[in-house]
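The numbering used here numbers the first residue of the sequence shown as 303 and each following residue consecutively. See below for the structure under consideration.
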Amino acid sequence: MAGKDDDFVVTPWEVSGKVDYDRLIELFGTERIDKKLRARIYRLAGEKHILLERELFFSHRDLKWVFDEYEKGNKFFLYTGRGPSGSVHIGHLVPWMFTKWLQDRFDTPLYFQLTNDEKFWFNPELSIDQVKQFTYDNALDVIAVGFEPEKTYLINDIEHIDILYEIGVQVARKITFSTAKAAFGFENSMNIGGIWWPALQAVPAFLHSWIYGTKTPCVIPCAIDQDPYWRVTRDVAERLGYYKPASIQNKFVPGLQEGGKMSASDPMSAVLTTDKPKLARKKVMNAFTGGRATAKEQRELGANPDICSVFKYYQFIFMPDDNELNKIEQQCRSGEILCGECKQILASRMIDFLEKHQAAREEAKERVHEFSAARLRDEIKR
Ligand code: TRP
């Protein structure tokens, strides 16, 4: 959804080209997370967060209002989601880790939608059994991130549609086909499941308020490509008696290959959460860097961290310490460190991280029911 003259594309289905995030803010009409807002979040949260510091989370809608309400004692809840169309990779975990931080720091419920219906409608090559299997597998990764079971509800759309449907029918009546076409570019060839989908992605933004009969602000941590959904959701919210959901939006986590984001459909670009250490190391050692053609040249001229995928991984997760990051950047630019050595550092950190995640993922197998949104059925009074 970029303009005619832009040489990148960002829609919920396609991200390509070199994304200009300033331009996206302008096109989508969201707001930048500036220094002042960051400082306010840190003050309320009681600590900083690396993903705000390093501006992976960079854009928002209505967060100032959410914090005004929060300071008045009106707490918010969180809503995020995942389309289970394949395996989870490290890039997916990054915003979920931030969501966990928000849950911990602001003590909020979290509704996590696993959109197996969406993926079934939008990916014709997937069978119903495959999306169900991915729903389960991906849920393990979500749980392994460490969310609070008492406050976390994993919504499996196909299984839990009864919880969503009463709100869904009301949302759907307020969205015309022409609105959906304008927001999502649907063509006549789109199956009608896909056309109804935006109504269902809106539902969890209202779910807490509907169940508890309270008007509660909602904050949606998500990648910026989901913004068209929230435009439609915000459009219907007040007419249904709810607040417009706010959002806090992240950039795409880059892949390990040149350009583009981490994508499970490009296996060498993505370290999957289930990769064995040896394979993870191999992927990191094959990563695209800003290095020179020869070691000699690099020693003399230095390399370019600005285009290096390894450096981005340091920036966004594996080097939270600013001094350490600055030091390696300087060593890179000056040619003091070569890419092979630098990739080894990332590979060991990646493997440590993976081993912990995989252990948590194993434990999650016993705990899936603790997180199930099925518990909400007892809360709903009809
Ligand atoms: N549409 C998202 C996807 O394809 C899944 C999703 C549903 C989501 N609700 C969400 C993502 C809320 C972020 C926030 O992956």
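Cβ atoms here follow ideal geometry from the backbone N, Cα and C, with glycine treated the same way. Bear in mind the structure is a predicted one, so any value in this text is a computation, not a measurement.
Contact check, R345 vs L354, beta carbons under 9 Å: no
N- and C-terminal bounds of the alpha helix (DSSP H) containing N625: Going by DSSP, N625 is part of the alpha helix (DSSP H) stretching over D624 to S636.
Are the CB atoms of L542 and Q600 nearer to each other than 9 Å? no
Is the CB-CB distance between N376 and T535 below 9 Å? no
So what's H351 in DSSP terms, helix, strand or just coil? Three-state DSSP puts H351 in coil, outside helix and strand.
Examine ligand 1 and report whether any of its heavy atoms sits within less than 8 Å of the Cβ of A421. At residue 421 the sequence reads Lys, which differs from the Ala that was named. Yes, Cβ of K421 sits closer than 8 Å to a heavy atom of ligand 1.
Should Q415 be counted as a contact of ligand 1 given a C-beta to heavy atom distance under 8 Å? yes
Which complete alpha helix (DSSP H) runs does the stretch 305-385 hold, if anything under 4 residues is left out? 323-330, 337-347, 352-355 and 365-373
Around the C-beta of L502, are 16 or more other C-beta atoms found within 10 angstroms, so that it is buried, or is it exposed? buried
Indicate whether I392 and F360 have their beta-carbon atoms separated by less than 9 Å. no
Using alpha carbons as the reference points, say which of E540, A482, N628 and D624 lies closest to P607. N628
Classification of Q646 by the beta-carbon crowding that lies within 10 angstroms, buried from 16 upward: Per the 10 Å Cβ criterion, exposed.
If you measure from the CB of I460, is any heavy atom of ligand 1 nearer than 8 Å? No, since every heavy atom of ligand 1 falls outside the 8 Å radius drawn around the Cβ of I460.
Secondary structure, alpha helix (DSSP H): runs of 4+ residues fully inside the stretch 394-441: 418-424
Going straight from the alpha carbon of A482 to that of L603, what length do you get? 52 Å
Within a Cβ cutoff of 8 Å, which residues of the same chain sit near K434, ignoring the five residues on either side of it in sequence? N418 and I460
Got a sec? Which residues, its chain only, sit under 7 Å from K546 by beta carbon, not counting five neighbours each side? Sequence-distant Cβ neighbours of K546 in its own chain, meaning closer than 7 Å and more than five residues away, are D364, R536, A539 and E540.
In whole angstroms, what separates the C-alpha of Y428 from that of F436? Note that residue 428 is Leu in the sequence shown here, rather than Tyr. Roughly 10 Å between the two C-alpha positions.
Which residues in the same chain as F378 place their Cβ atom closer than 8 Å to its Cβ, once the five residues preceding and following it in sequence are excluded? V368, E371, Y372, F408, T410, T518, P519, C520, V521 and A548
Between V612 and L648, which are expected to be in contact by the criterion C-beta below 8 Å, what is the C-beta distance as a whole number of angstroms? 5 Å
Taking Y531 as the reference, give the member of A504, F508, I513 and Y544 with the closest Cα. For Y531, the nearest C-alpha among the options comes from A504.
Could you tell me the distance, in whole angstroms, from the CA atom of W499 to the CA atom of N490? 15 Å
Residues of its chain near S565, where Cβ-Cβ distance is below 7 Å and the 5 sequence neighbours each way are ignored: Short of 7 Å from the beta carbon of S565, and not among the five residues preceding or following it, lie these beta carbons of its own chain, in chain order: G557, S571 and A572.
Determine the DSSP secondary structure at Q646, reduced to helix, strand or coil. Residue state, collapsed to three classes: helix.
Thinking just about the alpha-carbon of each residue, which of E316, A485, K350 and K337 is nearest to the one in P622? K350
Let me know the secondary structure DSSP gives C641 once reduced to three states. helix
Where does E463 fall in DSSP's three states? Per the sequence shown, residue 463 should be read as Ile rather than Glu. Helix.
Buried or exposed, going by whether 16 or more other CB atoms sit within 10 Å of the CB of W398? buried
Got a sec: does ligand 1 put a non-hydrogen atom nearer than 8 Å to the Cβ of P519? no
Can you grab the Cα-Cα spacing for the pair G348 / P426, in whole Å? 46 Å
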